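Below is one structure, written out as structure tokens; comments come after it.
Residue numbers (the working numbering): 14 to 344.
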């Protein structure tokens, strides 16, 4: 049985779907603060509670025969993390600490952890390598790096093996169009662009057009959410087969400017998508592109949807069918 923490969220729900499609037994735990019941398949057990509640975790680890854990449960808004850093340390660090304590108590040794490219801060070079300097520029990145260090020391004691997956810009949706990206508030570029195509926004803002990039707008590496799900499962199987602890980047290794993403979305949707330039946002690096050779060699992983247009088509299918996301639902 695989425990997926945060399995009702965006990337978590796609990973749960991939696990079920592979015939794996899964249980989801989620506090539903950001996740959605409708994103969890009806044949998958959903335990509603918080990782910081040790009684809740004790019940899960006692009730189910857990062989490995995939952890997506975290707050992830960079701006909010700057405004409310203690909330991020409480939820992201204390929550995973509680999970690690429960795992140790029940002799569960394998963990795939959802980390982030934000651990690097301003990149020293492009593409970014796993060995590059880790100097986060916001509390969100700091909390993820703190958890990576916590797992490192727990692993040194022989009580844990882990894979920390540092990924870049997740996008897209499951090919069925039944699960996808639904955040409140929405801060990710591609859903915001598609909201313009749907008539839910008047325009998309381009923050900065004077960066040292091909067209002056920021460059980012976009990775399809189904490719991320595949990497998490491969990482778990790597650990279950006796693999050593490691931190890996996940990305396509190719960057697109904001303006290129907007133009690609115009082509995919057939809508004009008005755009307006605004001043730079503080803390936005000019370029973030992953060097993911280690994930390819160690996990045998490669993106099946490396092209931006294919990622956008999946996202557009989801947003067109679900313009209001999952809609009203009982928490």
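Where a beta carbon is used, it is the ideal one built from N, C-alpha and C, also for glycine.
Treat the numbers as computed from the prediction; the structure is a model and nothing was measured.
- Excluding the 5 residues flanking it on each side, residue 182 has same chain C-beta neighbours closer than 7 Å at 233, 234, 235, 236, in chain order.
- Between residue 129 and residue 258 the beta-carbon gap is near 18 Å, outside 8 Å, which marks them as no contact.
- Residue environment: residue 169 is assigned as exposed (fewer than 16 neighbouring CB atoms within 10 Å of its CB, all protein chains considered).
- Secondary structure of residue 20 (DSSP, three-state): coil.
- Note on geometry: alpha-carbon atoms of residue 270 and residue 226 lie some 8 Å from one another.
- Straight-line measurement puts the Cα of residue 279 at about 6 Å from the Cα of residue 285.
- If the five residues before and after residue 204 are omitted, its C-beta is found closer than 6 Å to the C-beta atoms of 194, all from its own chain and listed in chain order.
- Contact between residue 91 and residue 153 holds: CB atoms are separated by about 5 Å, below the 8 Å threshold.
- Comparing alpha-carbon positions, the option among 160, 148, 112, 187 lying closest to residue 329 turns out to be 187.
- In this structure residue 198 is exposed. Its beta-carbon is surrounded by fewer than 16 other beta-carbon atoms within 10 angstroms.
- Counted as a single uninterrupted DSSP element, the alpha helix (DSSP H) harbouring residue 74 occupies residues 67-76.
- By the neighbour-count criterion, in which 16 or more other beta carbons inside 10 Å mark a residue as buried, residue 14 falls on the exposed side.
- Annotated as proximal: residue 303 and residue 263, with beta-carbon spacing under 8 Å.
- Put simply, the backbone Cα of residue 298 is about 43 Å away from that of residue 77.
- Rounded to whole angstroms, the Cβ separation of residue 261 and residue 308 is 4 Å, and the two are in contact under 8 Å.
- By alpha-carbon distance to residue 300, the top candidate from 288, 228, 321, 291 is 228.
- Cβ-Cβ distances below 7 Å link residue 158 to 132, 147, 149 in the same chain, with the five nearest sequence neighbours on each side left out; the list follows chain order.
- Sequence-distant partners of residue 141 (beyond 5 residues in either direction) whose C-beta falls short of 8 Å from its own C-beta, in its chain, are 130, 133, 262, 301, 302, 303, 304.
- Taking residue 111 as the centre and dropping the five residues before and after it, the same chain places the C-beta of 64, 65, 67, 70 closer than 7 Å to its C-beta, in chain order.
- If you compare the alpha carbons of 18, 29, 215 with that of residue 55, the shortest gap goes to 29.
- Taking the Cα positions, residue 62 is about 12 Å away from residue 21.
- Residue 27 sits close to residue 239, with the two beta carbons spaced by under 8 Å.
- Within its own chain, the residues whose Cβ lies closer than 8 Å to the Cβ of residue 322, once the five positions on either side in sequence are excluded, are 277, 280, 281, listed in chain order.
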